[in-house]
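Q:
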Amino acid sequence: MSDPSTASIVSTPTATMPTEAPVTGLPESAQKQQKPRSLLGDAWRDLRRKPLFWISAVFIVLFVLMAAFPWIFTSGDPVNGSLDRSRVEPSAAAWFGYDVQGRDVFARTIYGARASIMVALLSTTGTLLIGGTMGIIAGYRGGWVDALLSRAADIFFGLPFVLGAIVILTTFNGSGTDNGEWTIMGLVIMSLTVLSWPVVMRLMRSSVLATKEADYIVAARALGAGTGRIILKHLLPNCLAPLLVYGTIMVGSFIGAEATLSFLGIGLKTPVVSWGIMISEAQNYIRVSPYLLFFPSAFLVTAVLSFVMLGEAVREALDPKLR
Numbered sequence: 001m002s003d004p005s006t007a008s009i010v011s012t013p014t015a016t017m018p019t020e021a022p023v024t025g026l027p028e029s030a031q032k033q034q035k036p037r038s039l040l041g042d043a044w045r046d047l048r049r050k051p052l053f054w055i056s057a058v059f060i061v062l063f064v065l066m067a068a069f070p071w072i073f074t075s076g077d078p079v080n081g082s083l084d085r086s087r088v089e090p091s092a093a094a095w096f097g098y099d100v101q102g103r104d105v106f107a108r109t110i111y112g113a114r115a116s117i118m119v120a121l122l123s124t125t126g127t128l129l130i131g132g133t134m135g136i137i138a139g140y141r142g143g144w145v146d147a148l149l150s151r152a153a154d155i156f157f158g159l160p161f162v163l164g165a166i167v168i169l170t171t172f173n174g175s176g177t178d179n180g181e182w183t184i185m186g187l188v189i190m191s192l193t194v195l196s197w198p199v200v201m202r203l204m205r206s207s208v209l210a211t212k213e214a215d216y217i218v219a220a221r222a223l224g225a226g227t228g229r230i231i232l233k234h235l236l237p238n239c240l241a242p243l244l245v246y247g248t249i250m251v252g253s254f255i256g257a258e259a260t261l262s263f264l265g266i267g268l269k270t271p272v273v274s275w276g277i278m279i280s281e282a283q284n285y286i287r288v289s290p291y292l293l294f295f296p297s298a299f300l301v302t303a304v305l306s307f308v309m310l311g312e313a314v315r316e317a318l319d320p321k322l323r
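Heads up, the sequence shown is in the numbering used here, so the first residue is 1 and it goes up one at a time.
#1: Mind checking who Y98 pairs with in its DSSP beta bridge?
#2: If I measure Cβ to Cβ from M309 and keep anything under 7 Å in the same chain, skipping five residues before and after, which residues do I get?
#3: State the Cα-Cα distance for the pair A68 and A113, rounded to the nearest angstrom.
#4: Would you mind giving the Cβ-Cβ distance between T193 and I130, rounded to the nearest angstrom? I have them listed as a contact below 8 Å.
#5: Please report the straight-line C-alpha distance between I255 and N284, rounded to a whole angstrom.
#6: Kindly list the residues whose CB is nearer than 6 Å to the CB of S196, restricted to its own chain and excluding five residues on each side of it in sequence; keep chain order.
#7: For I286, does the count of other Cβ atoms within 10 angstroms reach 16, so buried, or fall short, so exposed?
#8: T270 and V314 look like a contact to me (Cβ under 8 Å); what is the Cβ gap, rounded to whole Å?
#9: I'd like to know if the segment 235-254 and the segment 155-171 are in contact, where contact means that at least 3 CB-CB pairs between them fall below 8 Å.
#10: Can you check the segment 50-99 for any alpha helix (DSSP H) of at least 4 residues that lies completely inside it and give the ranges in chain order?
#11: Taking only three categories from DSSP, how would you classify S207?
#12: In terms of residue numbering, what span does the alpha helix (DSSP H) encompassing R221 cover?
#13: Is the segment 267-282 touching the segment 290-303 in the sense that three or more CB pairs, one from each, lie closer than 8 Å?
#14: So for L159, helix, strand or coil by DSSP?
#15: Report yes if the CB atom of I117 is closer than 7 Å to the CB atom of T74, and no otherwise.
#16: CB G97 to CB V88, shorter than 7 Å?
#17: Report buried or exposed for L148, applying the criterion of at least 16 other Cβ atoms within 10 angstroms of its Cβ.
#18: Give the list of continuous alpha helix (DSSP H) stretches no shorter than 4 residues that lie fully inside the segment 230-310.
#19: DSSP on D146, reduced to helix/strand/coil?
#20: With H, G and I counted as helix, E and B as strand and the rest as coil, what does DSSP make of M1?
#21: Go ahead and label E316 buried or exposed: buried means 16 or more other beta carbons lie within 10 angstroms of its beta carbon, across all protein chains shown.
#22: Between the Cα of W44 and the Cα atoms of G139, N173 and A241, which residue gives the shortest distance?
#23: Is F172 near P198, with beta carbons less than 7 Å apart?
#24: Take the Cβ of S324 as the centre, count every other Cβ of all protein chains shown within 10 Å, and call the residue buried at 16 or more, exposed below.
#25: Counting C-beta neighbours from all protein chains within 10 Å, is the total for R108 16 or more, i.e. buried, or is it exposed?
#26: Which residue's Cα is closest to the Cα of A325: S150, M204, E312 and I230?
#27: If I measure Cβ to Cβ from S262 and keep anything under 7 Å in the same chain, skipping five residues before and after, which residues do I get?
#28: Can you check whether the CB of A120 is closer than 7 Å to the CB of S245?
#29: Do V208 and I136 have their CB atoms nearer than 7 Å?
#30: According to DSSP, is S175 helix, strand or coil?
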């Protein structure tokens, strides 16, 4: 990298001054390879060589398409059924069979991806925004601001996840409430976000503390850069790598957490269709109709493993020590 102070005093060469001839011996492709790559560029170059990344990415794209456009994969009705088809086993007419109320299990499994994926993605987004913002403020400001936010995070750390979710969801989504589909999903997203942001806050805070005294931050501050510019221009791009890894793994964790809460009867409820609700409804028919439990469980496990494997692949790509 050239020094900007010297570049400003270089004048146009005169006829008597010798000029440096351009290097033409190297081909253009070799000259492009000599350009330095960024951290994300190196990570993408490393990810493209990993079969684990491509396998998990294909499954994730498939699940996202199922959540966004379920009618592409099935034309069945996931909500309404007929009792004369109650617990009919899988066949050519219904690949996954019918449940106790005569509803198509395949259609419910496909449509169940929408609620599970949406809850996980929105919860992860909210957790990263809240925890990341508080972590940046605590790490950069320090002093009493850091102490106050850290103690607030410690309070939420002391709340057990399942117990806290039970208290929140039982209060606002108990048996006596009549919430709609989007209200129920919003309450589950809120509970997951409220109970998970302290981990992201501490992760971002530690990254900011390790970065804010770097030479380029000190130089930017000496040149008169404001707090907002330093955070957005210098700190945030260099502290996003651990959050990117953790956020990818957190999506899979939230899919499992939503299924756990729905299985316990305090998460998503009818009329919402999700894998956790299907597993909860099938628990009493495991011996006589095991397919009712097998298919939603298989989709749930595959989705969780896909996001976790993607997070592991991204972590290895972003960490130079693991390459």
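Ideal placement from N, C-alpha and C gives every residue a C-beta, glycine not left out. This one's a predicted model, so the numbers in the text were calculated from it and none came from an experiment.
A: Looking at the atomic coordinates:
#1: Sequence index remark: in the sequence shown, residue 98 carries index 98 (1-based). BP columns for Y98 point to D104.
#2: Here the question's residue 309 lines up with position 309 in the sequence shown. A distance below 7 Å between beta-carbons, with the five flanking residues on each side excluded, links M309 to the following residues of its chain, in chain order: L52 and S56.
#3: On the sequence shown, residue 68 is found 68 positions in, with the first residue counted as 1. On the sequence shown, residue 113 is found 113 positions in, with the first residue counted as 1. Taken atom to atom, the span from the alpha-carbon of A68 to that of A113 is near 9 Å.
#4: Against the sequence shown, residue 193 aligns to sequence position 193. Against the sequence shown, residue 130 aligns to sequence position 130. So it is a contact: roughly 7 Å between Cβ atoms.
#5: Sequence index remark: in the sequence shown, residue 255 carries index 255 (1-based). Sequence index remark: in the sequence shown, residue 284 carries index 284 (1-based). Going by the C-alpha atoms only, they are around 23 Å apart.
#6: Your numbering for residue 196 matches position 196 in the sequence shown. Hits under 6 Å: T127.
#7: Within the sequence shown, residue 286 is the residue found at index 286, counting from 1. Under this definition I286 is an exposed residue.
#8: For the purposes of this step, residue 270 is taken as the residue at position 270 of the sequence shown. For the purposes of this step, residue 314 is taken as the residue at position 314 of the sequence shown. Actually they are not in contact, since the Cβ atoms of T270 and V314 sit about 36 Å apart, beyond 8 Å.
#9: Contact between the segment 235-254 and the segment 155-171 is absent: fewer than three C-beta pairs spanning the two stretches fall below 8 Å.
#10: Correct list: 51-68.
#11: Numbered from its first residue, the sequence shown carries residue 207 at position 207. DSSP places S207 in helix when its eight states are reduced to three.
#12: Along the sequence shown, one-based indexing puts residue 221 at 221. Looking at the DSSP string, the run of the alpha helix (DSSP H) that includes R221 is D215 to A222.
#13: Enough Cβ pairs lie closer than 8 Å, so yes.
#14: The count along the sequence shown starts at 1 and reaches residue 159 at position 159. L159 falls in the coil class under three-state DSSP.
#15: Counting from 1 along the sequence shown, the entry for residue 117 is found at position 117. Counting from 1 along the sequence shown, the entry for residue 74 is found at position 74. No, Cβ-Cβ distance for I117 and T74 is not below 7 Å.
#16: As a first step, residue 97 must be located in the sequence shown, where it is residue number 97. As a first step, residue 88 must be located in the sequence shown, where it is residue number 88. Yes, Cβ-Cβ distance for G97 and V88 is below 7 Å.
#17: The sequence position of residue 148 within the sequence shown is 148, counting from 1. Exposed, since its Cβ has fewer than 16 Cβ neighbours within 10 Å.
#18: You should have 236-263 and 275-282.
#19: As a first step, residue 146 is located in the sequence shown; it is residue number 146 there, counting from the start. For D146, the secondary structure class from DSSP, reduced to helix, strand or coil, is helix.
#20: Within the sequence shown, numbered from 1, the residue matching residue 1 stands at position 1. Any reading at M1 must be qualified, since the residue scores a pLDDT of 43, below 50, and its modelled position is unreliable; the value itself is stated next. Three-state DSSP puts M1 in coil, outside helix and strand.
#21: Within the sequence shown, residue 316 is the residue found at index 316, counting from 1. Under this definition E316 is a buried residue.
#22: Stepping through the sequence shown from its first residue, residue 44 is reached at position 44. Looking at the Cα atoms, A241 is the closest of the given residues.
#23: In the sequence shown, residue 172 corresponds to position 172, counting from 1. In the sequence shown, residue 198 corresponds to position 198, counting from 1. Not in contact: F172 and P198 (Cβ atoms no closer than 7 Å).
#24: An answer regarding residue 324 cannot be provided, because it is not within the stretch 1 to 323 covered by the chain.
#25: Indexing the sequence shown from 1 puts residue 108 at position 108. A buried status is given to R108, since no fewer than 16 other beta-carbon atoms sit within 10 Å of its beta-carbon.
#26: Any question about residue 325 goes unanswered here, given that the chain covers just 1 to 323.
#27: Here residue 262 corresponds to residue number 262 of the sequence shown, with the count starting at 1. Beyond the five residues adjoining it in sequence on each side, S262 comes within less than 7 Å, by CB distance, of L268, S274, G276, I277 and S280 in the same chain, given in chain order.
#28: As a working mapping, residue 245 is identified with position 245 in the sequence shown. As a working mapping, residue 120 is identified with position 120 in the sequence shown. The amino acid occupying residue 245 in the given sequence is Val; Ser does not appear at that position. Taking a C-beta distance under 7 Å as the contact criterion, V245 and A120 do not qualify as a contact pair.
#29: For the purposes of this step, residue 208 is taken as the residue at position 208 of the sequence shown. For the purposes of this step, residue 136 is taken as the residue at position 136 of the sequence shown. Yes, Cβ-Cβ distance for V208 and I136 is below 7 Å.
#30: For the purposes of this step, residue 175 is taken as the residue at position 175 of the sequence shown. In this structure, S175 counts as coil in the three-state DSSP scheme.
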